[in-house]
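Residue numbers (the numbering used here), protein chains in the order written: chain A, 1 to 142; chain B, 143 to 284.
Positions of the beta carbon are idealized from the N, C-alpha and C atoms, including for glycine.
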DNA sequence: GTCTCTGCAAAGGTTTTGCAGTAAC
DNA sequence: GTTACTGCAAAACCTTTGCAGAGAC
């Protein structure tokens with residue numbers, strides 16, 4: 001069904017190589033260093049295809065452009081409101097997951113996406129690059 | 143500081159009136175029935191402004207266009223993979239929230255976004271409108 | 001009177017798509 | 001040989017922005 005194209009392999013390898021949840025455009029720039037004639041459309045098509053197949057993860061829930069993650073191990077993402085960095089957190093939330101499942105009753109859950117937002121360790125210690133504009137959302141959305 | 147414009151009030155009322163997490167464009171269509179000359183730009187500006195003030199909720203983590211929610215009470219969203227509907231779920235996740243906070247260590251969490259994905263009660267009982275294309279993501283991302 | 005907000009329209013950014021040619025099988 | 005995939009370019013979206021005028025206070 002699917003063919004094993006050089007471009008697709010490069011895209012996957014580049015995505016797995018970095019830890020930075022790149023956008024399609026960023027993947028395009030990385031891939032172009034190895035396949036100079038690769039097109040942005042090809043990158044979009046392959047990222048979407050691999051996300052559908054479950055080979056990579058698509059991050060819809062972060063601000064702005066869609067991002068992709070080559071790391072399939074269960075983990076969460078932490079977005080620092082001060083510096084804008086996106087961190088990987090590996091929290092063991094099995095128990096919480098089970099609780100959510102049981103609470104959801106007849107809604108059959110196959111996937112739970114969690115995004116944490118706040119202030120990262122670096123931004124808490126003194127040097128705040130860019131303090132958040134308005135102090136809203138103190139109450140969590142959980 | 144902020145002025146009390148008629149357009150802003152209409153936008154807020156319309157958003158609160160419905161349960162359908164509309165996009166900016168959908169809010170625009172609703173608002174236009176009451177303020178025919180309202181512009182899309184005004185809708186975007188006001189939604190963004192109210193989201194920043196914490197008067198409404200902005201849903202970044204759902205597919206496609208950004209959506210807004212006029213309901214500020216803590217709740218989660220459930221996206222049905224089969225029919226595409228977006229449900230509100232009111233699960234009490236205080237305990238889980240506390241656990242996440244403690245696990246996150248030096249990452250100071252101010253907000254936790256949770257999205258649940260799966261199959262809704264209606265789609266489970268027989269009549270599947272459009273069965274999911276590929277059986278990926280059986281493991282949760284938690 | 002001041003200053004924020006509006007409508008309009010244009011621009012900006014991201015993602016999708018049509019098509020003819022290329023490459024994988 | 002067949003058919004999925006590619007590069008290119010245009011189109012389709014969604015969102016933001018500049019500006020002059022209107023409206024809130």
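request  = Please classify residue 30 of chain A: is it buried, with 16 or more other beta-carbons within 10 angstroms of its beta-carbon, or exposed?
outcome  = Counting Cβ neighbours within 10 Å, residue 30 of chain A comes out buried, since at least 16 surround it.
request  = Note the first and the last residue of the continuous alpha helix (DSSP H) segment covering residue 150 of chain B.
outcome  = Start and end: 148-159.
ask   = Of the choices A:20, A:39, A:93, A:32, whose alpha-carbon is the least far from that of residue 58 of chain A?
value = Out of A:20, A:39, A:93, A:32, the CA that lies nearest to the CA of residue 58 of chain A is found in A:20.
ask   = So, helix, strand or coil for residue 261 of chain B, using DSSP?
value = Look at residue 261 of chain B here: in three-state DSSP terms it is strand.
Where residue 248 of chain B falls: helix, strand or coil (DSSP) = Residue 248 of chain B: coil per DSSP, three-state reduction.
query = Rounded to the nearest angstrom, how far is the Cβ of residue 157 of chain B from that of residue 196 of chain B, given a contact under 8 Å?
reply = At roughly 14 Å, the Cβ-Cβ gap does not stay under 8 Å, so residue 157 of chain B and residue 196 of chain B are not in contact.
ask   = Start and end of the beta strand (DSSP E) containing residue 25 of chain A?
value = Where residue 25 of chain A is concerned, there is no enclosing beta strand (DSSP E), although the alpha helix (DSSP H) around it starts and stops at 24-32.
Straight-line Cα distance separating residue 47 of chain A from residue 4 of chain A = Residue 4 of chain A and residue 47 of chain A: Cα-Cα distance of roughly 14 Å.
message = Based on DSSP bridge pairs, tell me the residues matched to residue 77 of chain A.
response = DSSP, once it has assigned bridges, lists A:88, A:115 as partnering residue 77 of chain A.
query = Which stretch, first to last residue, makes up the alpha helix (DSSP H) that contains residue 45 of chain A?
reply = First-last of the alpha helix (DSSP H) with residue 45 of chain A: 40-53.
ask   = Which class does residue 59 of chain A belong to by DSSP, given the choice of helix, strand or coil?
value = In the structure shown, residue 59 of chain A sits in a strand (DSSP, three-state: E or B).
request  = Could you tell me whether the Cβ atoms of residue 221 of chain B and residue 257 of chain B are closer together than 8 Å?
outcome  = Yes, the Cβ-Cβ distance between residue 221 of chain B and residue 257 of chain B is below 8 Å.
ask   = Do you know whose CA, among B:193, B:182, B:254, lies nearest residue 125 of chain B's CA?
value = For residue 125 of chain B there is no data in the structure shown, the boundaries of chain B being 143 and 284.
request  = Report the residue from A:88, A:112, A:119 whose alpha carbon sits nearest the alpha carbon of residue 96 of chain A.
outcome  = Nearest option by C-alpha distance: A:112.
Short Cβ contact (8 Å threshold) for residue 168 of chain A with residue 154 of chain B = Here chain A covers residues 1 to 142 and nothing more, so residue 168 of chain A does not appear.
message = Does the CB of residue 112 of chain A have a neighbour CB from chain B at under 8 Å?
response = So yes, residue 112 of chain A belongs to the interface.
Residue interval of the beta strand (DSSP E) (run including residue 3 of chain A) = Following the DSSP letters along the chain, one finds residue 3 of chain A in no beta strand (DSSP E), marked with neither H nor E.
query = Once you ignore the five residues that flank residue 150 of chain B on each side, which residues in its own chain have a CB closer than 6 Å to its CB?
reply = When the five nearest sequence neighbours on each side are left out, the beta carbons in the same chain lying within less than 6 Å of the beta carbon of residue 150 of chain B are those of 188, in order along the chain.
key: Residues in the region 258-269 of chain B having any Cβ partner in chain A nearer than 7 Å   = Listed in sequence order: 258, 259, 260, 261, 262, 263, 266.
task = Whole angstroms is fine: what's the gap from residue 265 of chain B's alpha carbon to residue 224 of chain B's?
result = Near 7 Å, if we compare the C-alpha coordinates of residue 224 of chain B and residue 265 of chain B.
Members of the region 85-109 of chain A that neighbour chain B once the beta carbon cut-off is set at 9 Å = The region 85-109 of chain A vs chain B, Cβ under 9 Å: 87, 89, 91, 92, 93, 94, 95, 96, 97, 99, 100, 101, 103, 104, 105, 106, 107, 108, 109.
inquiry  = I'd like to know if residue 25 of chain A contacts chain B, where contact means its C-beta is closer than 8 Å to some C-beta of that chain.
reply    = No, no contact with chain B.
task = Determine which residues share a DSSP beta bridge with residue 69 of chain A and list them.
result = When beta bridges are read from the DSSP output, residue 69 of chain A appears opposite A:57.
Residue 205 of chain B at chain A interface by Cβ criterion, 8 Å = Cβ-Cβ to chain A under 8 Å: yes for residue 205 of chain B.
query = So, is the C-beta of residue 213 of chain B closer than 8 Å to a C-beta in chain A?
reply = Chain A contact via Cβ: absent.
task = Taking residue 251 of chain B as the reference, give the member of B:240, B:152, B:179 with the closest Cα.
result = Of the listed residues, the one whose Cα sits closest to residue 251 of chain B is B:240.
ask   = Beta-carbon separation of residue 229 of chain B and residue 219 of chain B under 8 Å?
value = Result yes, Cβ atoms of residue 229 of chain B and residue 219 of chain B sit closer than 8 Å.
query = Rounded to a whole number of angstroms, what is the C-alpha to C-alpha distance between residue 217 of chain B and residue 210 of chain B?
reply = Their backbone Cα atoms lie some 14 Å apart in a straight line.
task = Kindly indicate which three-state DSSP category residue 93 of chain A falls into: helix, strand or coil?
result = Reduced to three states, the DSSP call for residue 93 of chain A is coil.
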